[in-house]
DNA sequence: ATAGTGTATGTAACCGGTTACAGAGATAAA
DNA sequence: TTTATCTCTGTAACCGGTTACATACACTAT
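Structure (structure tokens):
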């Protein structure tokens, strides 16, 4: 690999001049510039990013910490971040934390050592102190913001009310909720939305709460048990995977969806279009969330002002077959 | 951030000694080592990876180029790579190429500038010259190897024969194949396996080939048309997404799966367990493929000998409801 | 004639590590 | 006693860029 000194020698100038040509700053004579450019071409010279990083203390790289890329919610989010960062010439280091603060801390340490310019964090485990101290721009994604970090989330509370209300509107009166892990903030927000809506409708009943832990299998098992113990005609699942679990449970007991039990999920991952019947869901603007987080991070890195610190994006009710009923009931 | 010189000063030694302590090489007196370690602790010193990289020309970072992380085949693969690389203290830069050689080339250039220690490539577009010249260890994943690069793939040809044979075994005689893009090598391998098996069974009929382009929607449309034109009692889809498309088409026409038309997919992504009926599929050891590719890359980086250059991993028939028939026919 | 400004380029320090090399003391071997 | 070897440590060059500073020349204003 050619270095800047090779280029300088070939062009008959000093390294400083080559650097000036590369970075388009300082004075350089037109002819000199041409000579340098020709030398660069001839040697197929590409500046060494590492040397540049060492001096400039900016690596054009960011860290993206997600719980688990193989959880179907995250690929689209990651894709969005990568797309936007690519536009601004940043590279993305992907880290899977499994929601373990151990791994998160470890990764944050490594990322700092590599001089990343910023970090996008999808987590709710990390004690904020650790993050606060890290001296690198951070954007919190899909989890409520800690302290003063910019954050991007969707309206979990509102979405949950929307889902619950939708089941009511199509005629459901015994509406169960399959709940995600109690330590995950967005799961609790969705639960709150469900509870408030149910109370307002005068339908609240604690027995209609099912624990699904955001997992298909657990949701299915728990729904099977619940269906045998209590009557219900609608299920609002805290995420789409659990909605599939519920769907399977209902079908396994010989009940029809949506005729006997209507089901609605949450997230709007592609999977919801693949089941039979297709699942209604509250769709989050996943790609947009990632894209906005990335853009905010770039702004923070470049020390530009943010128009807004906390973004709460609207969600959308997507009606599909699993909540399609003929008016009456 | 403290530097090695800060540590040296605090411990009353030279930077060379600190470096020796850090890297456990050269002679260092026990007492001195203790003093240095104490200073490191006190300053919470972490060596600057960038400076280290510049000198050593190894960044403990690799590049992973996939077509599109939001394609459900890849998250598990990426996860596997990340997991294994993490064990060996490597960090992973994720790149989405969209199968465009433009983007691939661009990324490869950037990765080189960042001194990545190796690259895992999931592609079939890149002209091998470009890759050959890049002077960085490369492992080719999920696509047949180019030249002398190590490669990890699953047995596409054998899997396709297995799928076709399975449909035959459960009684199907008019077995259609939904084909992936003709420029994608593994799609063609699967087609070849289907064709050879069909010819051996004496069932070969060109009219039973459906173009699905690896896309759910296109597969569904094409299958709808095909079902109206030709009789068929079995469908082997080139990937799972297209199998879902076929399933939807069959159901939309009021036919039953598996009674009227049996369906089998390919890949074994989690989605196949979520449909109703659940989809039979040829399951590739996705995680293992990623993990092996990562391990090979580490070996190449560390210049250790490889036991094997080309890995062709076995696939597995996963029988689910979509091909479940009562013996006779 | 002189000072001031803009243009053009080079020298060398610097970023924060690693390591070749040199030097010094201690110990063992001849 | 001399020499060789081992242990321990420091100095300084190096990795490949960037940039502060110095220098030099051309041109303009006074």
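Protein chains in written order, with the working numbering: chain A, 1 to 329; chain B, 1001 to 1329. Don't be surprised by glycine CBs; every beta carbon is placed ideally from N, CA and C.
Is DSSP giving residue 1196(B) helix, strand or coil here?
For this step, residue 1196(B) is matched to residue 196 along the second chain. Looking at residue 1196(B) - three-state DSSP - the assignment turns out to be helix.
Once the 5 residues before and after residue 1092(B) are set aside, which same chain residues still bring their CB inside 7 Å of it?
On the second chain, position 92 is the one that residue 1092(B) refers to. Result list for residue 1092(B): 1062, 1064, 1081, 1082 and 1085, in chain order.
For the pair the segment 184-195 of chain A and the segment 220-232 of chain A, tell me if three or more CB-CB distances fall below 8 Å.
Segments in contact, no.
Could you list which residues in chain A have their beta carbon closer than 9 Å to that of residue 1054(B), in chain order?
Here residue 1054(B) corresponds to residue number 54 of the second chain, with the count starting at 1. Taking a Cβ-Cβ threshold of 9 Å, the residues of chain A close to residue 1054(B) are 48, 50, 51, 53 and 54, in chain order.
Starting from residue 1139(B), follow the beta strand (DSSP E) in both directions and report where the run begins and ends.
Taking the first residue of the second chain as position 1, residue 1139(B) is located at position 139. In this chain, the beta strand (DSSP E) harbouring residue 1139(B) covers 1138-1141.
Could you compute how far the alpha carbon of residue 195(A) sits from the alpha carbon of residue 205(A)?
The residue you call residue 195(A) lines up with position 195 of the first chain. The residue you call residue 205(A) lines up with position 205 of the first chain. Cα-Cα distance, rounded: 9 Å.
Contact check, residue 70(A) vs residue 1076(B), beta carbons under 8 Å:
Along the first chain, read from residue 1 onward, the residue named residue 70(A) stands at position 70. Along the second chain, read from residue 1 onward, the residue named residue 1076(B) stands at position 76. Closer than 8 Å, so yes.
Whole angstroms is fine: what's the gap from residue 1185(B)'s alpha carbon to residue 1242(B)'s?
The residue you call residue 1185(B) lines up with position 185 of the second chain. The residue you call residue 1242(B) lines up with position 242 of the second chain. Straight-line Cα distance between these residues: approximately 17 Å.
Just checking: is the beta-carbon of residue 141(A) within a distance shorter than 8 Å of some beta-carbon in chain B?
Residue mapping note: residue 141(A) aligns to position 141 of the first chain, counting from 1. By the rule that beta-carbons nearer than 8 Å mark a contact, residue 141(A) does not touch chain B.
Quick check: residue 1167(B) and residue 1323(B), are their CB atoms within less than 8 Å of each other?
The residue labelled residue 1167(B) in the question sits at position 167 within the second chain. The residue labelled residue 1323(B) in the question sits at position 323 within the second chain. The answer is yes: Cβ separation under 8 Å.
Please list, in chain order, the chain B residues whose beta carbon lies closer than 9 Å to that of residue 37(A).
In the first chain, the residue the question calls residue 37(A) occupies position 37. Per Cβ cutoff of 9 Å: no residues; residue 37(A) is ~18 Å from chain B at best.
Between 1148(B), 1137(B) and 1143(B), which has its C-alpha nearest residue 1313(B)'s C-alpha?
Position 313 of the second chain, counted from the first residue, corresponds to residue 1313(B). Answer by Cα proximity: 1143(B).
Does the structure place the segment 1001-1014 of chain B close enough to the segment 1031-1042 of chain B that three or more beta carbon pairs sit under 8 Å?
Result yes; three or more Cβ-Cβ pairs closer than 8 Å.
Start-end ranges of the alpha helix (DSSP H) lying completely within the segment 1055-1099 of chain B, minimum 4 residues
At a cut-off of 4 residues, the continuous stretches assigned as alpha helix (DSSP H) that sit fully inside the segment 1055-1099 of chain B are 1074-1087.
According to a CB-to-CB cut-off of less than 7 Å, which residues of the segment 1269-1297 of chain B neighbour chain A?
The residues in question are 1271, 1274, 1275 and 1276.
Neighbourhood of residue 1090(B) by C-beta distance below 6 Å, restricted to the same chain and skipping five residues each side:
Taking the second chain and counting its residues from 1, one reaches residue 1090(B) at position 90. Only 1060 and 1062 meet the Cβ criterion.
For residue 262(A) versus residue 234(A), is the C-beta spacing smaller than 8 Å?
Against the first chain, residue 262(A) aligns to sequence position 262. Against the first chain, residue 234(A) aligns to sequence position 234. In this structure, residue 234(A) lies closer than 8 Å to residue 262(A) by Cβ.
According to DSSP, which residues form a beta bridge with residue 317(A)?
Looking up residue 317(A) in the first chain gives position 317. Paired residue(s): 282(A).
Three or more C-beta pairs under 8 Å: does that hold for the segment 1295-1302 of chain B against the segment 1269-1279 of chain B?
Judged by pairs of C-beta atoms under 8 Å, the segment 1295-1302 of chain B does not touch the segment 1269-1279 of chain B, as fewer than three such pairs exist.
Mapping the DSSP letters down to three states, classify residue 21(A) as helix, strand or coil.
The residue you call residue 21(A) lines up with position 21 of the first chain. It is helical.
Given a cut-off of 8 Å, decide if residue 1266(B) and residue 1151(B) are closer than it, judged by their beta-carbon atoms.
Within the second chain, numbered from 1, the residue matching residue 1151(B) stands at position 151. Within the second chain, numbered from 1, the residue matching residue 1266(B) stands at position 266. No, Cβ-Cβ distance for residue 1151(B) and residue 1266(B) is not below 8 Å.
So with Cβ pairs under 8 Å, would you call residue 1329(B) a contact of chain A?
Within the second chain, the letter at position 329 stands for residue 1329(B). Confidence is the limiting factor: at residue 1329(B) the pLDDT is only 41, short of 50, which leaves the residue's position unreliable, though a coordinate-based value still follows. With 8 Å as the cut-off, residue 1329(B) does not count as an interface residue toward chain A.
Counting along the chain, where does the alpha helix (DSSP H) carrying residue 1101(B) start and finish?
Position 101 of the second chain, counted from the start, is the residue given in the question as residue 1101(B). Judged by DSSP secondary structure, residue 1101(B) falls within the alpha helix (DSSP H) whose first and last residues are 1101-1113.
Per-residue contacts from residue 218(A) into chain B (C-beta, under 8 Å):
Counting from one through the first chain, the residue named residue 218(A) turns up at place 218. Around residue 218(A), no beta-carbon contact reaches into chain B at under 8 Å, the shortest distance being about 14 Å.
Taking Cβ positions only, does residue 185(A) come closer than 8 Å to chain B?
For the purposes of this step, residue 185(A) is identified with residue 185 of the first chain, where counting begins at 1. Judged by the 8 Å Cβ criterion, residue 185(A) is not in contact with chain B.
By how many angstroms is the C-alpha of residue 156(A) removed from the C-alpha of residue 1094(B)?
Within the second chain, numbered from 1, the residue matching residue 1094(B) stands at position 94. Within the first chain, numbered from 1, the residue matching residue 156(A) stands at position 156. Approximately 29 Å between the Cα atoms of the pair.
Per-residue contacts from residue 1214(B) into chain A (C-beta, under 8 Å):
Counting from one through the second chain, the residue named residue 1214(B) turns up at place 214. Those within 8 Å of residue 1214(B) in chain A number zero; the least Cβ separation is about 14 Å.
Would you please verify whether the beta carbon of residue 1044(B) is less than 8 Å from any beta carbon of chain A?
Indexing the second chain from 1 puts residue 1044(B) at position 44. No Cβ of chain A is located within less than 8 Å of the beta carbon of residue 1044(B).
Does any residue of chain B have a CB that is nearer than 8 Å to the CB of residue 117(A)?
Indexing the first chain from 1 puts residue 117(A) at position 117. False, the Cβ-Cβ gap to chain B never drops below 8 Å.
So, at 6 Å on beta carbons, what are the nonlocal neighbours of residue 29(A) in its own chain, with the 5 sequence-adjacent residues on each side left out?
Position 29 of the first chain, counted from the first residue, corresponds to residue 29(A). Within its own chain, no residue has a Cβ closer than 6 Å to the Cβ of residue 29(A) once the five positions on either side in sequence are excluded.
Pull up the DSSP beta-bridge partners for residue 1152(B), would you.
Sequence index remark: in the second chain, residue 1152(B) carries index 152 (1-based). Answer by DSSP bridge pairing, in chain order: 1141(B) and 1311(B).
Cβ of residue 244(A) within 8 Å of any chain B Cβ:
For the purposes of this step, residue 244(A) is taken as the residue at position 244 of the first chain. Interface residue, yes.
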